[in-house]
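Since the structure comes first, as structure tokens, the remarks are kept for the end.
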Amino acid sequence: MDFADKCYRVFDDTTRLYHEHDNVDAKVDNPYENGSIEHTLFAKNWIDAVQWHLEDIIRDPEIDPVAALALKRRIDRSNQDRTDMVEELDTYFRETYKDVKPLDGATINTESPAWALDRLSILALKIYHMEAEVNRPDATPEHRARCAAKLAVLTEQRADLIAAIDALLDDIAAGRKYMKVYRQMKMYNDADTNPVLYGAKS
């Protein structure tokens with residue numbers, strides 16, 4: 045089993061564990077050894093699963109505006125946590141490949157391995173929820189058929205993304221590609237770079 049497939053299995057298991065609770069405030073113990081890559085992958089997907097459902101909740105047309113504002117701020121915090129977790133994964137990859145000397149003509153990828161894994165984590169959630177729509181007992185046959193077609197595309201995308209991540213890691217390990225990580229530097233969460241926030245202090 046290749047690395048990206050192992051990652052997907054952690055994401056899928058985590059997604060299914062979340063839905064055993066199906067509660068954005070549920071607290072669970074991370075089943076993987078602290079400091080392991082699996083521990084980080086589990087934590088990453090749990091954040092994604094919670095945020096997926098927060099995004100559903102905030103779209104309730106009957107939501108109280110005060111509750112919606114609190115929820116929006118919670119989503120903002122979750123987005124920052126998600127970014128921090130991706131950067132933790134990138135640190136893992138930089139440490140793993142720190143001794144690899146890039147070959148002459150080595151190229152950089154458009155995204156780091158960790159951001160590709162971020163997409164794989166979200167894909168696990170998409171597949172889980174699309175499967176639920178395909179099997180939804182109160183849905184029309186037409187709805188289930190549309191969702192089945194979408195599920196087939198998502199399943200193909202999963203295979204392609206897993207293969208692409210493993211190919212990228214193979215290229216980095218062989219020196220054909222090299223990593224160059226740019227931190228996200230989100231400005232809207234920073235009181236020194238968001239003019240609304242630093243303007244309020246003046």
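Residue 246, in the numbering used here, is where the sequence shown stops; the numbers in between run on with no holes.
All residues carry an ideal CB built from backbone N, CA and C; glycine is no exception.
8 Å or more divides the Cβ of LEU169 from the Cβ of ILE209. Nearest in C-alpha terms to ASN67, of all of ASP46, SER80, ASN89 and HIS97, is HIS97.
Sequence-distant Cβ neighbours of TYR62 in its own chain, meaning closer than 6 Å and more than five residues away, are ALA93.
Put simply, the backbone Cα of ALA217 is about 40 Å away from that of ASP100. LYS221 is bridged by DSSP to THR151. The residue among TYR52, TYR222 and PRO185 with its C-alpha nearest the C-alpha of ASP148 is TYR222. Inter-residue distance for ALA235 and VAL178 is about 45 Å (C-alpha atoms, whole angstroms).
Here the C-alpha atom of ILE107 lies approximately 18 Å from the C-alpha atom of ASP120. For LYS116, the three-state secondary structure derived from DSSP is helix. Boundaries of the alpha helix (DSSP H) around SER165: 157-178. With a contact defined as Cβ atoms closer than 8 Å, LEU213 and CYS51 miss out at about 10 Å. In this chain, the alpha helix (DSSP H) harbouring ARG53 covers 47-65. Boundaries of the alpha helix (DSSP H) around THR84: 81-102. Here VAL144 carries a coil assignment [DSSP, helix/strand/coil].
With fewer than 16 other CB atoms across the displayed protein chains lying within 10 angstroms of its CB, PRO239 is exposed. Cβ contact annotation for ALA48 (same chain, cutoff 6 Å, sequence separation greater than five): ILE206, ILE209 and ASP210, in chain order. In this structure, the straight-line span from the alpha carbon of ARG118 to that of PRO105 is close to 18 Å. A straight line joining the alpha-carbon of GLY243 with that of GLN124 spans about 22 Å. THR184 and LEU115 have their C-alpha atoms some 32 Å from each other.
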